[in-house]
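In what follows, a single structure is set out as structure tokens and then discussed.
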Amino acid sequence: KPKVPDLTLKLTQPLLRGAGADVAAEVLKLAEREVVYEVRDFSSYQKKFALDVVKEYLDLLQQADSMRISYNSYTNSIFFRTEIAARADAGLLAEFDVKQARKDEYDAKLSYIASTNSFQNSLDIFKQTLSLPLGTAIRLDFEVLEDINKLGLPEVPITDLAGYRLAITNRLDFLNHIDKFEDAKRNVKVARNGLRPGLTFEADANLRDQLYDSFEPNEYTSTLKLKLDLPLSRLRERNDYRKSLITFESQLRKLAAELDGLRNGIRADVRNLARQKANYFTQLEKQKNAEENLLATRERLRLGFPGVRTQDIIRARNSLTSAQQAVSRAIVDYHKTRLDLQRDV
């Protein structure tokens, strides 16, 4: 006749060492945390990589704009040298002035060649950043620079303290630092639990071997046990506990250092943004002054004012070129710093 399959139920419950849901689920909790940490790190890397690409692209546009300014300076030096040569042929200037104008033309040409070479190198580096073949043709969108110039210098209405508080709650990488500190803190509790004596309650029930036609569910045997494991030798557990304390203290110092670094970084971003703003308007005034100085010097030379030399115009035009390039860099640097601040908070 068919028999009922053997059925055994067994319950084991730690009462001292290993007791509690936190201790029992610690391994699973750590595994889940590691998955969360990896997702956060990847998301944080995505944001950083995207911002780095944007900043590198803005630098590339700025270098192209600087190359354009260098080219304009070179063509202006050709026109100026032609004008000086004509005035020298008319007996209004000496041959020495022509040589100075020619030297200025060579310097402007070399500067344009150097800026072109620098731009090409940066373009190749940008292609490598995007993992593109170096032979790939890239067309830059210079409307981005026009949009930036139209946008001006938008404010970031945030203080360093408010930014610090935002960063602690929003930055995924710093949430990882905080949670890893909590992991170390919780691990101390688990390791301390391992030093306790072992007291385990065990219960089991066995259904007696029966036939189906005479099955009686109350026919079973059961046992109850208490197992005591005294901590006579806990060298490994004691070392684990000491190691957990050391790890906790180390994680605490690391968290404090990371938070201090975060606060300092945001403070530096806020100060740099204010500095970049002041630098832009100063460079703008400097460019305006250089334009007026060049026009005035040209007029004085053409009107034959005493003491005005060809070298004065060359110096004034070079100052204007430097000022124009500085303004181009200043507004791009401001927006890069603004993006850094927004990312850091």
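Residues 1032 to 1376 (the working numbering) are what the sequence shown spells out, left to right. Heads up, the beta-carbon is just placed ideally off N, CA and C, and yes, glycines get one too.
For residue i, count the other beta carbons within 10 Å of its own beta carbon; 16 or more makes it buried, fewer makes it exposed. Which is it?
i     : result
T1200 : exposed
L1281 : Here residue 1281 is Ser; the residue named in the question, Leu, does not match the sequence. Flag for S1281 reads exposed.
T1368 : buried
L1332 : buried
Q1093 : buried
G1194 : buried
N1207 : buried
S1101 : buried
Q1314 : buried
A1081 : exposed
N1224 : buried
T1341 : buried
N1218 : buried
I1344 : buried
S1253 : exposed
For residue i, name the three-state secondary structure that DSSP assigns.
i     : result
F1173 : coil
E1233 : strand
T1254 : strand
T1352 : helix
L1040 : strand
L1165 : coil
L1259 : strand
Just to confirm my understanding: we take residue i, look at its own chain, exclude 5 residues before and 5 after, and list those with CB closer than 6 Å. What are they?
i     : result
L1261 : P1228
Q1307 : D1364, Y1365, T1368
Excluding the 5 residues flanking residue i on each side, which residues of the same chain have their C-beta closer than 8 Å to its C-beta?
i     : result
V1084 : T1160, L1161
L1370 : L1082, V1085, K1086
For residue i, collect the residues of the same chain with a Cβ closer than 7 Å to its Cβ; drop the 5 residues on either side in sequence, then sort them by chain order.
i     : result
V1175 : L1092
Cβ of residue i versus every heavy atom of the ligand ADP: is any distance shorter than 7 Å?
i     : result
I1115 : In the structure shown, the ligand ADP is absent, as is every other ligand, since no ligand is present at all.
Thinking residue i and residue j are a contact (beta carbons under 8 Å), I'd like their distance in whole angstroms, please.
i     : j     : result
A1236 : L1040 : 5 Å
L1230 : L1047 : 4 Å
S1074 : S1146 : In fact, because the Cβ distance is near 38 Å, the residues do not count as touching under 8 Å.
Using a threshold of 8 Å, state whether the C-beta atoms of residue i and residue j are closer than that.
i     : j     : result
L1061 : V1187 : no
N1107 : R1346 : no
I1297 : D1204 : no
Y1311 : L1141 : no
D1375 : D1300 : yes
I1115 : A1132 : yes
T1328 : S1104 : no
D1214 : R1071 : no
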